[in-house]
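**Student:** Residue numbers (my numbering): 113 to 900.
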DNA sequence: GGCACGAATTTTTTT
DNA sequence: AATTCGTGCC
Ligand SMILES: Nc1ncnc2c1ncn2[C@@H]1O[C@H](COP(=O)(O)OP(=O)(O)OP(=O)(O)O)[C@@H](O)[C@H]1O
């Protein structure tokens, strides 16, 4: 087995250990995933049948990569029979074949978060509860957490702790909503994401013979990113491996970042106690990053109290320090990052695809995207609104779902009046109420309007009947035509396509293109399946589509583009160059994590994950002001920057630090454009004028600058970050402009000052610009000139 | 029932 | 800024 040479001693030991449970716990970039991959290859060589190996990854993409890597080692003919995938995708497969035993059909629909949310909303409405108190999002969260901990509605109701918590939170009826939600899902033959895990547990608990069958089928179980598994996942694995304990999990407690999804770090911390035969393997050598990056990351994570200390070292070269850049605004941050990207590309050392820009929240991607486009930088955004979450796509899919499962109420609600065909909310509600009254599906009611006494006029009744007939016709074809042929017919017959031709707005065209892209994707799906000798019916497509994510729609993965994604989405990936942007208090760490030490530590782990994605170069940026929810906020640098030992950081001399004399052009700029001195940042959203510190645009690139030593380091280290930055801002002289006077604005022209008031720490003025309207402007930022 | 406009609201992260 | 919600009118 030559491939074992590609491992170091510790890795090889972990791979070769086959007699019992093993845990590989090690820091980032130490080759944990590699161990798992090679271990599978090793097991295959040792004679394990590929179909007897179950490997769980965190994403579909990771699964694909692992499978293809294994195929490289042992050949595609063998690798193709492996069970490699996410918990959700593999256990949905098992659930489909065993569905009958737990009261579902093999065709069950998978409700995505939007579907659950909509169902919860309608339940809350049905119970006449106030949706301001019973916020659907909150309820959904509670239900999800319950499911992840295997608490069924009954168990929920009899759980003291949960019930009192709900009572105190003034939402005592969550338990009832949960119960109805569960019933509704079952009635609609639907499972949500959490059900895929919960129902698997129920299946294994209530049907020992089924559990036994899968126990015998899977002789070896491997789990990647084990630190982010939840209780439901833990128990599935535990049950399947009971007896033989041939299980190998790998992970890093310092990279546990999904607690909001129920991930329980105890799974990995308690592994030794849960498995008698457990052997623990530690890997210490990092193969990914330079010394500077590894050390910086180590010094950061060292600030967490709750963690298993780990040694991590690297033999790679020292590399450069992590560059920390302070910018005026989110806008400038994006501009500067795009300039750095261009520099890196032009240096010919890096391609665009070597570079990633990571952020805490999806909302941050917008400015970045704009600036990348402006700078001509090709990029690809992952996450956020994915292709399959677009309205028009969800609409088409809703038709598909309804055709395959007429009980799918959420799908019905979605497409019954899309495009509009005169069946409005009132009618839909009547149908749903009548259905609930008789304990049948809405589909059933629509099939016999007279029998169920549906209180609608004959015109409306006809519309309902027509709609039902149309869907029925598709149903007759669902086992005859392949997915492509059927969907093609659906978009034409239902009027979905025609609807995009009613006007020629860019929105309509984009909707049409998206629908066409979907149809294309389905065609490719059919071709692929047919080539593989498998069936390619609509149900087959649906079974796969519900679990697809953004990263899976990535067709040409090796296009030369910069990657933009959240830090969460970057877990497990690596890039030569990484920019971690928006390192500010309230954003990263998120304001919601601030009052809990536990959550704060998770935010720190998240930052650790971000930095450890970098192989060679890492940049950290933060802005002093940022638009959030439509308003400008002044923000402070993240406390996490101080958590990194400053000897690994480089704060280049920048013009962007106020109060320093090398503050280029400030006076000139301010006087020319605002009429006020020290008015602060020049960047506003309404301004198209861009301004770069001279050095960055006209001289050599900043990242070759000599590190700026002591002075700024001390500033960041010894004083709270707030004082370094905030003082400057707070001391900014803000003159009050006289009410009633006329002022001139760069964009709006001349206007009259109506009032001046305080908005937080900032003065804002209401100014009437005549036909441009009355605007409310923050004086710190508006470029105003007082006219005499 | 459908549409348009104005008001109100906004927690981060995702399978 | 962006999206959702409510209202009012045809
Ligand atoms: N023995 C080795 N020799 C050479 N390269 C290695 C070796 N082990 C791992 N690598 C490389 O190191 C990098 C990180 O490996 P891998 O992704 O498996 O680490 P990991 O521990 O799973 O990381 P993370 O925890 O960040 O997901 C990969 O590029 C991998 O190819």
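For glycine and all other residues, C-beta sits at the position ideal for the given N, C-alpha and C.
1. Would you decide whether residue 166 is buried or exposed? Buried here means 16 or more other CB atoms lie within 10 Å of its CB.
2. Nearest to residue 522 by alpha carbon, out of 229, 427, 114?
3. Which residues bound the beta strand (DSSP E) around residue 304?
4. Between residue 214 and residue 293, which are expected to be in contact by the criterion C-beta below 8 Å, what is the C-beta distance as a whole number of angstroms?
5. Which residues bound the alpha helix (DSSP H) around residue 168?
6. Would you report the Cα separation of residue 593 and residue 602, rounded to the nearest angstrom?
7. On a CA-only basis, which of 130, 138, 185 is nearest residue 150? Give me that one, please.
8. Quick check on the DSSP output: the beta strand (DSSP E) that includes residue 728 runs from which residue to which?
9. With burial defined as no fewer than 16 other Cβ atoms inside 10 Å of the residue's Cβ, what is the status of residue 681: buried or exposed?
10. How far does the beta strand (DSSP E) with residue 691 in it reach, from first residue to last?
11. Does residue 687 pass the burial test, meaning 16 or more other C-beta atoms within 10 Å, or should it be called exposed?
12. Check residue 698 in the structure and name its three-state DSSP category.
13. Should residue 377 be labelled buried (16 or more other beta-carbon atoms within 10 Å of its own) or exposed?
14. Since residue 756 and residue 412 are thought to touch, with beta carbons under 8 Å apart, how far apart are those beta carbons, to the nearest angstrom?
15. Which residue marks the beginning of the alpha helix (DSSP H) containing residue 435, and which one marks its end?
16. Do the segment 384-395 and the segment 118-135 touch if we need at least three Cβ pairs shorter than 8 Å?
17. Count the other C-beta atoms from every protein chain shown that fall within 10 angstroms of the C-beta of residue 578, then say buried if there are 16 or more, exposed otherwise.
18. Quick one: does the C-beta of residue 724 sit closer than 8 Å to a heavy atom of ligand 1?
19. Quick check on the burial criterion: 16 or more other C-beta atoms within 10 angstroms. Buried or exposed for residue 537?
20. At which residues does the beta strand (DSSP E) containing residue 745 begin and terminate?
21. Between the alpha carbons of residue 443 and residue 216, how many angstroms are there, rounded?
22. Is it the case that the Cβ atoms of residue 535 and residue 585 are separated by a distance below 9 Å?
23. What three-state label does DSSP hand residue 394 in the structure shown?
24. What does the Cβ neighbour count give for residue 372, buried or exposed, with the cut at 16 atoms within 10 Å?
25. Under a three-way DSSP split, which group does residue 238 fall into?
26. Do residue 207 and residue 154 come within 9 Å of each other at the CB atom, strictly closer than that value?
27. Verify the contact flag: residue 154, CB atom, against every heavy atom of ligand 1, threshold strictly below 8 Å.
28. What are the boundary residues of the alpha helix (DSSP H) that includes residue 282?
29. So, is residue 519 buried or exposed, given that buried needs 16 or more other C-beta atoms within 10 angstroms?
30. Taking 9 Å as the threshold (C-beta atoms), are residue 315 and residue 264 in contact?
31. Please tell me whether, using a cut-off of 8 Å, the distance from the CB of residue 364 to the nearest non-hydrogen atom of ligand 1 is below it.
32. Am I right that residue 471 and residue 678 are in contact with their C-beta atoms under 8 Å? What's the rounded C-beta distance?
33. Please classify residue 764 as buried or exposed, where buried requires at least 16 other C-beta atoms within 10 Å of its C-beta.
34. Figure out for me which residue from 447, 276, 510 has the closest Cα to the Cα of residue 488.
35. By how many angstroms is the C-alpha of residue 641 removed from the C-alpha of residue 661?
36. Once DSSP output is grouped into helix, strand and coil, what is the label at residue 681?
**Tutor:** Taking the structure as given:
1. Under this definition residue 166 is a buried residue.
2. For the residues 229, 427, 114, the minimum Cα distance to residue 522 belongs to 229.
3. Element bounds for residue 304: 302-304.
4. Contact annotation, residue 214 with residue 293: C-beta distance approximately 17 Å; criterion of less than 8 Å not satisfied.
5. No alpha helix (DSSP H) contains residue 168, which is instead part of the beta strand (DSSP E) from 165-169.
6. Going by C-alpha positions, residue 593 is about 12 Å away from residue 602.
7. Measuring from the Cα of residue 150, the nearest candidate turns out to be 185.
8. For residue 728, the enclosing beta strand (DSSP E) covers residues 726-740.
9. With 16 or more other Cβ atoms inside 10 Å of its own Cβ, residue 681 counts as buried.
10. Element bounds for residue 691: 687-692.
11. Counting Cβ neighbours within 10 Å, residue 687 comes out buried, since at least 16 surround it.
12. Here residue 698 sits in strand by DSSP.
13. Per the 10 Å Cβ criterion, buried.
14. With a Cβ gap of about 5 Å, residue 756 and residue 412 count as contacting.
15. Not the alpha helix (DSSP H): residue 435 falls in the beta strand (DSSP E), residues 434-441.
16. Yes, the segment 384-395 is in contact with the segment 118-135.
17. With fewer than 16 other Cβ atoms inside 10 Å of its own Cβ, residue 578 counts as exposed.
18. Checking the Cβ of residue 724 against ligand 1 gives yes.
19. Around the C-beta of residue 537, fewer than 16 other C-beta atoms lie within 10 Å, and the residue is accordingly described as exposed.
20. Note, residue 745: beta strand (DSSP E), 743-746.
21. Roughly 51 Å separates the two Cα atoms.
22. Going by C-beta atoms, residue 535 is not nearer than 9 Å to residue 585.
23. Assignment of residue 394 by DSSP, reduced to helix, strand and coil, places it in the strand class.
24. Exposed: under 16 other Cβ atoms inside 10 Å.
25. Shown here, residue 238 sits in a helix according to DSSP, grouped into three states.
26. Contact: no.
27. Incorrect: residue 154 has no Cβ contact closer than 8 Å to ligand 1.
28. Element bounds for residue 282: n/a, residue is neither H nor E.
29. Taking every protein chain shown into account, the CB of residue 519 has 16 or more other CB atoms within 10 angstroms, so this residue is buried.
30. Going by C-beta atoms, residue 264 is not nearer than 9 Å to residue 315.
31. With a cutoff of 8 Å, residue 364 counts as near ligand 1, since its C-beta is closer than that to a heavy atom of the ligand.
32. Confirmed, about 6 Å.
33. Label assigned to residue 764: buried.
34. When the alpha-carbon of residue 488 is set against those of 447, 276, 510, the nearest one is in 447.
35. Using only the alpha carbons, I get a separation of about 20 Å.
36. Residue state for residue 681 is assigned as helix, using DSSP reduced to three classes.
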